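Notes to accompany the following structure.
2 protein chains.
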Amino acid sequence: MFQFSINKNFFLQALNTVKRAISTKNAIPILSTLKIEVAAEGITLIGSNGQISIENFISIDQENPGLVIDAPGSLLLEANFFINVVSSLPSVELDLKEIENHQLILKSGKSEITLKGKDSYQYPRIQEVPTTNPLLLETKVLKELISETAFAASSQESRPILTGVHFVLNDQKQLKTVATDSHRLSQKVIQLENVGDHFDVVIPSRSLKEFTAVFDDAIETVKVYFAHNQMLFKSEYISFYTRLLEGNYPDTDRLIPKEFNSQITFNVASLRQAMERARLLSNATENGTVKMELKDQIVRSYVHSPEVGQVDEELETIHLVGEDLTISFNPNYLIEALKVIKAEEVELSFISHIRPFTLKGMEDDHLIQLITPVRTN
Amino acid sequence: MFQFSINKNFFLQALNTVKRAISTKNAIPILSTLKIEVAAEGITLIGSNGQISIENFISIDQENPGLVIDAPGSLLLEANFFINVVSSLPSVELDLKEIENHQLILKSGKSEITLKGKDSYQYPRIQEVPTTNPLLLETKVLKELISETAFAASSQESRPILTGVHFVLNDQKQLKTVATDSHRLSQKVIQLENVGDHFDVVIPSRSLKEFTAVFDDAIETVKVYFAHNQMLFKSEYISFYTRLLEGNYPDTDRLIPKEFNSQITFNVASLRQAMERARLLSNATENGTVKMELKDQIVRSYVHSPEVGQVDEELETIHLVGEDLTISFNPNYLIEALKVIKAEEVELSFISHIRPFTLKGMEDDHLIQLITPVRTN
Chain A
464 MFQFSINKNF FLQALNTVKR AISTKNAIPI LSTLKIEVAA EGITLIGSNG QISIENFISI
524 DQENPGLVID APGSLLLEAN FFINVVSSLP SVELDLKEIE NHQLILKSGK SEITLKGKDS
584 YQYPRIQEVP TTNPLLLETK VLKELISETA FAASSQESRP ILTGVHFVLN DQKQLKTVAT
644 DSHRLSQKVI QLENVGDHFD VVIPSRSLKE FTAVFDDAIE TVKVYFAHNQ MLFKSEYISF
704 YTRLLEGNYP DTDRLIPKEF NSQITFNVAS LRQAMERARL LSNATENGTV KMELKDQIVR
764 SYVHSPEVGQ VDEELETIHL VGEDLTISFN PNYLIEALKV IKAEEVELSF ISHIRPFTLK
824 GMEDDHLIQL ITPVRTN
Chain B
464 MFQFSINKNF FLQALNTVKR AISTKNAIPI LSTLKIEVAA EGITLIGSNG QISIENFISI
524 DQENPGLVID APGSLLLEAN FFINVVSSLP SVELDLKEIE NHQLILKSGK SEITLKGKDS
584 YQYPRIQEVP TTNPLLLETK VLKELISETA FAASSQESRP ILTGVHFVLN DQKQLKTVAT
644 DSHRLSQKVI QLENVGDHFD VVIPSRSLKE FTAVFDDAIE TVKVYFAHNQ MLFKSEYISF
704 YTRLLEGNYP DTDRLIPKEF NSQITFNVAS LRQAMERARL LSNATENGTV KMELKDQIVR
764 SYVHSPEVGQ VDEELETIHL VGEDLTISFN PNYLIEALKV IKAEEVELSF ISHIRPFTLK
824 GMEDDHLIQL ITPVRTN
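In order, the protein sequence lines correspond to chains A and B. Under this note's numbering, the first residue of the first sequence carries the number 464, and numbering increases by one thereafter. Under this note's numbering, the first residue of the second sequence carries the number 464, and numbering increases by one thereafter.
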């Protein structure tokens with residue numbers, strides 16, 4: 464039966480990290496608990512929803528937690544309730560002691576709270592990924608890859624593979640990241656600083672979004688490990704496991720056009736605002752599209768809703784070459800695409816009104832995005 | 464058919480004020496619109512949900528709106544949609560022009576948006592309250608009265624009169640404000656600076672909360688007018704109408720005890736935190752109560768939940784007199800009561816474990832609160 468004392472604020476921070484893997488709506492009731500494992504060298508907090516598992520280790524050698532261990536052991540506690548109780552305690556000094564029948568006594572200031580826990584043997588075995596031969600990635604770079612691609616993954620389960628982001632490492636250093644929901648696509652290709660072995664995996668976009676929330680910017684690098692159907696992102700104290708999606712990711716390379724008939728350069732912010740206006744009215748139309756018209760060196764956007772009204776405006780352009788064109792598309796895809804472009808200017812490149820068009824931030828050859836038009840009459 | 468130009472940001476601010484009265488879920492579809500009335504001297508924006516109506520006048524004499532009127536008229540527009548469209552416009556200069564078939568053209572920068580409106584004759588007649596003989600109140604004082612009492616009103620419609628706050632003006636200057644949901648009560652009595660005629664009304668607490676949101680602190684005073692079943696709060700540019708609740712408010716004066724057997728003074732923050740801890744566990748008990756025990760000059764709080772555990776703690780007290788006592792109550796009522804006490808210390812006064820106890824901030828004789836205990840075995 465374990466016993467330890469710890470700084471409340473540090474403990475809470477670790478609890479909230481692990482909580483990100485825990486869902487109260489899980490079909491497996493035991494997964495609403497978190498596991499505390501107390502050993503001589505430190506404590507490990509564990510949470511899982513079956514898809515993602517997070518382990519946060521706190522060492523007796525760390526200074527801030529002020530962790531002192533009196534006896535080892537392990538216990539399961541209802542995660543949300545336990546975290547609420549810990550955060551309600553009056554003092555930053557916290558003593559935790561397991562007593563008979565898997566109960567836990569928390570002492571802090573003059574408060575004494577006794578909570579009923581569960582036997583840790585009930586907790587399922589967490590994913591295991593062999594930690595050999597890691598790929599070393601900068602957290603900042605990885606989070607940027609995620610924010611630039613994961614939004615384009617599908618949120619619908621009709622084609623499960625499209626709910627993931629495709630990560631491929633070629634030539635030991637070239638990392639390609641692609642997501643598509645079949646209406647739009649976002650692909651980023653970068654050269655890594657460290658070499659790694661070839662891999663080709665599809666990571667659930669939801670897991671990647673949680674990864675972004677868990678690994679804060681203070682964690683400079685993560686080690687990445689792959690196993691058959693799962694992977695592990697590991698920093699000094701945090702291990703983040705996720706299942707991988709099974710199946711073949713579609714060949715997206717062939718979708719990306721190389722030659723175009725018209726190209727327009729816009730200011731990112733002003734195009735985005737114009738599309739937000741268009742979206743207000745396109746939301747009230749049957750096919751939800753905006754019409755963009757390039758004619759006589761002028762670009763206009765146009766939406767007509769029989770119910771609510773119409774918007775008609777000339778779009779400011781910075782540069783413009785090629786053939787006249789009228790193309791319809793969902794303004795929401797363009798808005799979301801523009802959100803991840805860091806440059807001030809964006810180039811839209813068109814082949815025809817029935818072929819996908821591409822977006823690229825000026826002076827950015829790493830990120831390319833694709834939007835499929837909607838055929839209208 | 465009206466035509467005017469106005470500063471977008473000022474116009475939006477007025478639109479958002481009026482929007483507070485407008486519900487999209489109203490049973491009367493026309494109440495999801497807002498009315499724009501354009502006259503020679505300015506424009507009036509009007510919104511209503513049948514219970515509350517708000518009119519915001521913008522004058523051509525005000526400097527900030529930059530209002531220029533070219534033609535008068537009036538029109539109804541879908542409130543939420545119209546506000547979203549206005550806020551999406553690119554330039555701060557905004558031209559609005561009514562055209563045929565109740566349509567409105569908005570021009571801003573290079574954008575031109577046409578919206579379908581409705582004939583203003585379809586809009587219901589707004590409440591009318593004669594504006595004679597006003598009671599002049601400081602906005603700050605009125606908002607304080609509301610925040611200290613309205614939370615104690617009932618949120619349940621089983622006794623509609625208890626969903627309101629009872630306002631009574633006696634002796635021309637003594638304003639009494641009371642709310643109770645029959646489990647707890649909050650009463651504030653103040654002396655007004657300006658005299659007024661006697662009134663005795665019950666104002667829906669929901670209306671008062673909206674009043675607080677609409678009248679910001681820049682509005683120093685409001686004039687208050689009463690009619691048969693409605694009232695009006697009026698500042699220079701804003702008129703806020705609300706229906707009154709009909710029926711007799713219970714006689715609450717007789718509920719408030721004057722003599723006590725035990726009195727305990729606590730620090731407000733530390734008592735509140737202790738009750739928040741107790742609530743975590745009392746939420747998991749059958750009757751949802753915490754037990755407070757005064758014995759041998761020590762005060763303890765105690766909750767036992769067979770499912771999740773127990774809390775047992777000694778409460779810090781500042782002063783303590785009277786008989787020993789054990790009393791059970793819903794900690795949520797005490798937490799909400801403590802939230803509105805501005806003093807650092809609070810005095811709880813008890814008669815017995817079956818009689819309501821009172822709360823008073825130290826050196827505050829204006830605000831008194833009452834909490835009814837729960838009988839337990």
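Even glycine gets a Cβ: it sits at the ideal position worked out from N, Cα and C. All values derive from a computational prediction rather than experimental measurement.
Could you tell me which of the options sits nearest to residue i, measuring between CA atoms?
i, options, result
"histidine 661 of chain B", "B/Thr684, B/His646, B/Ala676 and B/Gln637", "B/Gln637"
"phenylalanine 689 of chain B", "B/Arg706, B/Asp679, B/Ile682 and B/Ala676", "B/Arg706"
"lysine 721 of chain A", "A/Lys639, A/Phe813 and A/Gln619", "A/Phe813"
"alanine 616 of chain A", "A/Ile609, A/Glu575 and A/Val628", "A/Val628"
"glutamate 826 of chain A", "A/Asn795, A/Glu770 and A/Thr728", "A/Thr728"
"alanine 732 of chain A", "A/Ser764, A/Glu673 and A/Glu807", "A/Glu807"
"serine 553 of chain A", "B/Gln773, B/Asp787 and B/Ala737", "For the record, residue 553 of chain A in the displayed sequence is proline; it is not serine. Measuring from the Cα of proline 553 of chain A, the nearest candidate turns out to be B/Ala737."
"aspartate 582 of chain A", "A/Leu567, A/Ile817 and A/Ile589", "A/Leu567"
"phenylalanine 674 of chain B", "B/Ser725, B/Glu656, B/Leu655 and B/Ala613", "B/Ala613"
"valine 803 of chain A", "A/Pro794, A/Ile831 and A/Gly785", "A/Ile831"
"asparagine 793 of chain B", "B/Ala747, B/Ile469 and B/Ser522", "B/Ala747"
Is it right to say residue i is buried, meaning 16 or more other beta carbons lie within 10 angstroms of its own, or is it exposed?
i, result
"glutamine 585 of chain A", "exposed"
"alanine 503 of chain A", "exposed"
"lysine 805 of chain A", "exposed"
"leucine 599 of chain B", "exposed"
"aspartate 644 of chain A", "buried"
"glutamate 607 of chain B", "buried"
"serine 433 of chain A", "Shown here, chain A extends from 464 to 840; a query on residue 433 of chain A therefore has no answer."
"proline 587 of chain B", "exposed"
"asparagine 633 of chain B", "exposed"
"glycine 580 of chain A", "buried"
"asparagine 527 of chain B", "exposed"
"glutamate 611 of chain B", "buried"
"glycine 772 of chain A", "buried"
Please report the residue range of the beta strand (DSSP E) in which residue i lies.
i, result
"serine 725 of chain A", "725-730"
"threonine 821 of chain A", "820-824"
"serine 511 of chain B", "505-511"
"glutamate 841 of chain B", "For residue 841 of chain B there is no data in the structure shown, the boundaries of chain B being 464 and 840."
"glutamate 556 of chain A", "556-562"
Write down the C-beta distance between residue i and residue j rounded to the nearest angstrom, noting that I regard them as a contact closer than 8 Å.
i, j, result
"arginine 647 of chain B", "leucine 778 of chain B", "The pair is not a contact, with the Cβ atoms about 20 Å apart (cut-off 8 Å)."
"glutamate 561 of chain B", "methionine 464 of chain B", "4 Å"
"serine 668 of chain A", "threonine 626 of chain A", "6 Å"
"glycine 824 of chain A", "valine 837 of chain A", "Incorrect: roughly 24 Å between the Cβ atoms, too far for contact."
"leucine 539 of chain B", "lysine 471 of chain B", "In fact, because the Cβ distance is near 21 Å, the residues do not count as touching under 8 Å."
"isoleucine 485 of chain B", "leucine 494 of chain B", "7 Å"
"glutamate 776 of chain A", "lysine 573 of chain B", "5 Å"
"alanine 534 of chain A", "glutamine 466 of chain A", "4 Å"
"leucine 578 of chain B", "valine 548 of chain B", "7 Å"
"leucine 718 of chain B", "proline 623 of chain B", "The pair is not a contact, with the Cβ atoms about 20 Å apart (cut-off 8 Å)."
"isoleucine 509 of chain B", "leucine 497 of chain B", "6 Å"
"valine 685 of chain A", "arginine 483 of chain A", "Going by Cβ atoms, the distance from valine 685 of chain A to arginine 483 of chain A rounds to 16 Å, so no, they are not a contact pair."
"alanine 800 of chain A", "leucine 783 of chain A", "Actually they do not touch by this definition, with Cβ atoms about 19 Å apart."
Would you give the residue range spanned by the alpha helix (DSSP H) that residue i belongs to?
i, result
"valine 549 of chain A", "542-551"
"serine 610 of chain A", "602-612"
"asparagine 798 of chain A", "Residue identity differs from the one stated: residue 798 of chain A is isoleucine in this sequence, not asparagine. Its alpha helix (DSSP H) spans residues 794-802."
"lysine 482 of chain B", "471-482"
"arginine 706 of chain A", "Element bounds for arginine 706 of chain A: not the alpha helix (DSSP H) but the beta strand (DSSP E), 701-706."
"glutamate 779 of chain B", "Careful: glutamate 779 of chain B lies outside any alpha helix (DSSP H) and carries neither H nor E."
"glutamate 756 of chain B", "No alpha helix (DSSP H) holds glutamate 756 of chain B; the beta strand (DSSP E) holding it covers 753-758."
"arginine 669 of chain B", "668-677"
Give the residues of chain A in contact with residue i, contact being defined as C-beta atoms less than 8 Å apart.
i, result
"serine 551 of chain B", "Gln736, Glu739, Arg740 and Leu743"
List, in chain order, every chain A residue whose beta-carbon is nearer than 7 Å to that of residue i.
i, result
"threonine 577 of chain B", "Gly772 and Gln773"
Would a check of beta-carbon distances place residue i closer than 9 Å to chain C?
i, result
"glutamate 756 of chain A", "Judged by its chain identifiers, the structure shown contains no chain C, and its protein chains are A and B."
Strictly below 9 Å CB to CB, what residues from chain A border residue i?
i, result
"glutamate 504 of chain B", "Going along chain A, no residue has its Cβ under 9 Å from glutamate 504 of chain B, so there is no contact; the nearest lies around 29 Å."
"serine 554 of chain B", "Chain A residues near serine 554 of chain B: none, gap ~11 Å exceeds 9 Å."
"glutamate 776 of chain B", "Pro553, Gly572, Lys573, Ser574, Glu575 and Ile576"
"valine 677 of chain B", "Under the 9 Å cutoff, chain A gives no residues; its nearest Cβ is about 25 Å from valine 677 of chain B."
Is there at least one non-hydrogen atom of the ligand FAD closer than 8 Å to the beta-carbon of residue i?
i, result
"asparagine 746 of chain B", "The model depicted lacks the ligand FAD and carries no ligand whatsoever."
Residue i versus chain B: which residues are under 7 Å apart at the beta carbon?
i, result
"asparagine 633 of chain A", "Correct list: empty, because the minimum Cβ distance to chain B is about 43 Å."
List, in chain order, every chain B residue whose beta-carbon is nearer than 8 Å to that of residue i.
i, result
"asparagine 547 of chain A", "Leu743"
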